[in-house]
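Note that the numbering used here has the sequence shown beginning at 6, numbered continuously upward.
Here a beta-carbon is modelled for each residue, glycine too, at the ideal position from N, C-alpha and C.
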Amino acid sequence: GLAWTMTGGDIMFFEATRVAGEKGFVVTGQLGEVMKESAQAALSYVRNRANALGIDPDAFRKSDIHMHIPAGSIPKDGPSAGITMATALASLFTRRPVYPNIGMTGEITLRGKVLPIGGLKEKVLAAARFGLDTVIIPKRNEADLDDVPETVRDNMKFILVDTVDEVWNAALGPAQEAAITTDAESPAELTVAPSVNGTGKTGEKAQENS
């Protein structure tokens with residue numbers, strides 16, 4: 006995921022794991038209330054699209070899910086990680102890996118609409134700095150790309166989306182195994198970003214601003 010901070014843009018990592026349980030959902034990483042609400046909205050939408058994703062709906066009822074955003078000492082808040090959280094959860098349950106060269110930012114609604122965000126220029130510059138060559142952004146932020154230096158725009162692919170389903174079509178690769186059923190199994194983990202060092206600078210607040 007892509008974040009805005011007081012000193013510019015940055016990369017955020019999202020990990021999701023699932024074990025047999027009773028419909029529990031925990032989000033950690035020193036998150037603010039808005040970001041926690043975004044996580045809940047993301048889970049609700051993934052559950053709503055279970056059939057379309059090929060997920061047994063009972064898998065949610067019989068699972069405990071833990072989503073973690075590392076760099077736990079850094080406060081994080083805001084709604085624009087919505088599409089990243091929804092993608093992490095969809096990847097976890099479908100076993101479709103997230104392409105490692107993609108960054109994304111966008112707020113979501115319970116109907117799966119993708120809403121515009123702020124700080125696009127800084128987020129795109131962070132993506133370029135960390136070696137990402139593709140960024141998924143809300144279609145309603147298209148005009149904000151004019152603020153991004155031409156040298157960066159020319160070397161990056163931008164995917165404009167209106168819905169979360171469009172995000173998944175662009176970000177998720179083919180399934181490596183069958184989608185998760187209700188059977189108990191060992192935890193699964195994914196990272197929705199390349200494995201690069203750094204999710205923020207010590208003491209900063211990563212603000213996923215709207």
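### Task
Measure the Cβ-Cβ separation of residue 20 and residue 75 and say whether it is below 8 Å.
Their beta carbons are under 8 Å apart, which means residue 20 touches residue 75 by this criterion.
### Query
Quick one: what's got a C-beta closer than 7 Å to residue 176's C-beta in the same chain, skipping five residues either side?
Only 92, 103, 104, 107, 109, 141 meet the Cβ criterion.
### For residue 33: DSSP bridge partner residues
DSSP, once it has assigned bridges, lists 73 as partnering residue 33.
### Among 162, 160, 17, 28, nearest to residue 35 - alpha-carbon criterion
Distance check between residue 35 and each of 162, 160, 17, 28 places 17 closest, using alpha-carbon atoms only.
### Query
If we count the other Cβ atoms within 10 Å of its Cβ and call it buried at 16 or more, is residue 133 buried or exposed?
Buried: at least 16 other Cβ atoms inside 10 Å.
### Query
With which residues is residue 109 paired in a DSSP beta bridge?
According to DSSP, residue 109 shares a beta bridge with 141.
### Query
To which residues of the same chain is residue 84 closer than 6 Å at the C-beta, ignoring the five residues directly before and after it?
Excluding sequence neighbours, residue 84 sits near 39, 43, 112, 215.
### Query
Just curious, the alpha helix (DSSP H) that residue 155 is in, first and last residue?
Run containing residue 155: 155-158, per the alpha helix (DSSP H) assignment.
#### Entry: Alpha-carbon spacing of residue 152 relative to residue 126, whole angstroms
Residue 152 and residue 126: Cα-Cα distance of roughly 6 Å.
### Message
For residue 213 and residue 25, what's the separation of their Cα atoms in angstroms?
### Response
The pLDDT assigned to residue 213 is 47, lower than 50, so where the model puts this residue is not dependable; a value taken from the coordinates is nonetheless given after this. Going by the C-alpha atoms only, they are around 31 Å apart.
### Task
Write down the C-beta distance between residue 101 and residue 178 rounded to the nearest angstrom, noting that I regard them as a contact closer than 8 Å.
Rounded to whole angstroms, the Cβ separation of residue 101 and residue 178 is 6 Å, and the two are in contact under 8 Å.
### Message
Give me, in chain order, the residues of the same chain whose beta-carbon lies closer than 7 Å to that of residue 32; leave out the 5 immediate sequence neighbours on both sides.
### Response
Counting only Cβ-Cβ distances below 7 Å, and skipping sequence neighbours, we find 41, 44, 72.
### Task
With DSSP as the reference, please indicate the residues paired to residue 136 in a beta bridge.
None, per the DSSP bridge assignment.
#### Entry: Exposed unless 16 or more other CB atoms sit within 10 angstroms - verdict on residue 143
The residue in question, residue 143, is buried, as its Cβ has 16 or more Cβ neighbours within 10 Å.
### Message
So the candidates are 37, 122, 97; which of them puts its Cα closest to the Cα of residue 80?
### Response
Of 37, 122, 97, the smallest CA-CA separation from residue 80 is found for 37.
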